[in-house]
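For the sequence shown, counting from 1, position 253 maps to 451 in the numbering used here; every step adds exactly one.
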Amino acid sequence: MDRRDFLKLWLDFALLALVGRVFAVVPSLAAEGARSGTGRFFELLDRIRNEKLSFQIFYLDLIKFAEGYAVFRQRSERYFTAEAFVETTGIVEPFTNHKSQRATSSMELSLDPAPRLIPRTFDRFIVLRDRKIKTRNLFDYKRNRWVSKIYRDGKLKRRRRRKIPEGVIYENFLSAFYNLRLEAFGPIAKGRTIEFRTIPYKGIDRMSLKVVGSDAARDEARWLKSIAGAEFLIVMQIAEKIMGIKPAKLLAAADRELVPLAGVLKDALPLGNIYANLKAREYISDGRRYRIKNIRRSPAAGSTDRD
Numbered sequence: 199m200d201r202r203d204f205l206k207l208w209l210d211f212a213l214l215a216l217v218g219r220v221f222a223v224v225p226s227l228a229a230e231g232a233r234s235g236t237g238r239f240f241e242l243l244d245r246i247r248n249e250k251l252s253f254q255i256f257y258l259d260l261i262k263f264a265e266g267y268a269v270f271r272q273r274s275e276r277y278f279t280a281e282a283f284v285e286t287t288g289i290v291e292p293f294t295n296h297k298s299q300r301a302t303s304s305m306e307l308s309l310d311p312a313p314r315l316i317p318r319t320f321d322r323f324i325v326l327r328d329r330k331i332k333t334r335n336l337f338d339y340k341r342n343r344w345v346s347k348i349y350r351d352g353k354l355k356r357r358r359r360r361k362i363p364e365g366v367i368y369e370n371f372l373s374a375f376y377n378l379r380l381e382a383f384g385p386i387a388k389g390r391t392i393e394f395r396t397i398p399y400k401g402i403d404r405m406s407l408k409v410v411g412s413d414a415a416r417d418e419a420r421w422l423k424s425i426a427g428a429e430f431l432i433v434m435q436i437a438e439k440i441m442g443i444k445p446a447k448l449l450a451a452a453d454r455e456l457v458p459l460a461g462v463l464k465d466a467l468p469l470g471n472i473y474a475n476l477k478a479r480e481y482i483s484d485g486r487r488y489r490i491k492n493i494r495r496s497p498a499a500g501s502t503d504r505d
C-alpha cells in the first residue's frame, strides 16, 4: 500500500475508466475496421465531433473525491484532439499530494487501409502539491520512431528514442477510446474480445477487453440493468503491476453509441470499489448543441461491494 498514494490510484482510474493506458493495436484489427465501411465511420464521427463528457468519481459509491471531463474536437479536415482532465474535490482534496491530471492526444485521420484516427502525440500533465510532471510522446510512423520526454517543473529530465515495430500503430487510451467508438477496430458486438499489444510497461505488453454477452456474472448483469440506457458491458482485467497494489477488474457500462455511462474498478483496494458516473454529455447534431445532464448516478452495483 505504501508504494502508491491512494489519490494517484484514483486519478489513474478516472483516466483508465475511459479505457486503458498506452496501446498498440494488433494489426489484424484494422482489417476488421475495413469491413465496417467508410460511410459508417464518418456517420459515427459526426455523432462525437465536439463532444464533451463530464463525470464524477466516488469511493464506495458514497464519497465523491474527483471529477473531470473528456473532450473530442476536430481541428481541421484531417486533425483531431482528445483531452481528459481529472482533479480532486471535496473532503479528500486537502489530504492528497495529487491534485490533477490532464491527458491530451493529437490524431490524424487516415483512410488507408481503413478509416481510423492515428495518434501523433500523447501528453500527460500531473500536478502534485510540490511539483509538476509532464510526459510527452511523439510518434513518427514513417521512420518507425517513438520519442518520449519527461519534464519536471518545466525542465527536461529525460529524453528517450525507441523503435516502433513495423506495421504497429501506438494508441493511447484516448485515441483507443474514440477509435473504438468509431468502429475502427470493427463493429462492437456482445461476446467479442479485442486484444491489444501494449507498449511494454513493467513487463506487460498485452491487454484485452471483452464485450460481455450472456455469460455475464449475476452481479455484473444486475449492475448493467440498473443503469438507464446501458446496452454494453465492457470488462478489462488489469494486472497487479499496472495498479501497483493487486490485480483489478474494470467494468464499464456503455450505451449503444459506446458512451460510457458508468464504471466500476473492483478489487484494487481492500476496503471497497471505486465508481465513475457520467454527469453530463454535450454534443452537436444537425448544427444544434445538445446537453444531457443530471444523469442518474448508478447504485452500488447491486452487491458489488458486498460480494
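Don't be surprised by glycine CBs; every beta carbon is placed ideally from N, CA and C.
Its chain contains VAL220, SER303, PRO317, PHE320 as the residues whose beta carbon lies nearer than 6 Å to that of ASN370, once the 5 sequence neighbours on both sides are disregarded; these appear in chain order. Counting the other Cβ atoms within 10 Å of the Cβ of ASP259 gives 16 or more, which makes it buried.
In this structure, the straight-line span from the alpha carbon of ALA478 to that of ALA264 is close to 15 Å.
Every unbroken stretch of the beta strand (DSSP E) spanning 3 or more residues and falling wholly within the stretch 373 to 399 is given here in chain order: 391 to 399. Shortest Cα-Cα distance from VAL345 to any of ASP413, LEU315, ARG360, TYR277 involves ARG360. Under DSSP, the beta-bridge partners assigned to ILE482 are ARG487.
Nearest to PHE253 by alpha-carbon distance, out of ARG245, VAL269, ASP484, is VAL269. ASP338 carries a strand assignment under DSSP once its states are collapsed to helix, strand and coil.
In terms of Cβ geometry, ILE386 and VAL366 do not form a close pair [threshold 8 Å]. Under the three-state reduction of DSSP, VAL269 is assigned to strand. Inter-residue distance for PHE240 and ARG454 is about 17 Å (C-alpha atoms, whole angstroms). The three-state reading of DSSP puts ASP321 in strand, counting E and B together.
Around LYS262, the same chain offers GLN254, ILE255, PHE256, THR287, GLY288 as residues with beta carbons nearer than 8 Å, after the five sequence neighbours per side are excluded.
Exposed is the label assigned to ASN295, since fewer than 16 other Cβ atoms lie within 10 Å of its Cβ.
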